[in-house]
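Under our numbering, the final residue of the sequence shown carries the number 68; numbering is consecutive throughout.
Just so it is clear, CB atoms sit at the ideal spot from N, CA and C, and this is done for glycine as well.
In this text the structure is predicted, and so the values were computed from the model without any measurement.
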Amino acid sequence: MKNKLNRYIGRNVRLEDSTFRRVSDSTDKRYHLENIFVVATVTLGTNKLICYGANCRIAVSLSEVVMV
Numbered sequence: 001m002k003n004k005l006n007r008y009i010g011r012n013v014r015l016e017d018s019t020f021r022r023v024s025d026s027t028d029k030r031y032h033l034e035n036i037f038v039v040a041t042v043t044l045g046t047n048k049l050i051c052y053g054a055n056c057r058i059a060v061s062l063s064e065v066v067m068v
């Protein structure tokens with residue numbers, strides 16, 4: 001599974017609609033959050049993708065992202 005997730009590192013992804021709504025509701029309203037993130041790394045224990053947007057960092061599973 002880890003090799004499969006490593007293919008996403010450095011790629012641009014979008015979040016599924018429900019996940020993006022959850023993330024945008026929890027972020028500071030002063031910032032405009034767009035639904036595009038860069039996958040920076042993969043966590044070892046939980047197999048989550050660590051994604052960075054303009055103003056936030058999130059950990060999501062593979063099923064919550066869509067390749068751009």
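query                                                                                               : result
Would LEU15 pass as a contact of VAL60 if the rule is Cβ separation under 8 Å?                      : yes
Since VAL23 is in the alpha helix (DSSP H), which residue starts that stretch and which ends it?    : 17 to 26
Restricting to Cα atoms, I'd like to know which of TYR31, ASN6, ALA40 and LEU5 is closest to ARG57. : ALA40
Would you give the residue range spanned by the beta strand (DSSP E) that TYR52 belongs to?         : 49 to 52
Does the beta-carbon distance from LEU33 to ASN6 come in below 8 Å?                                 : no
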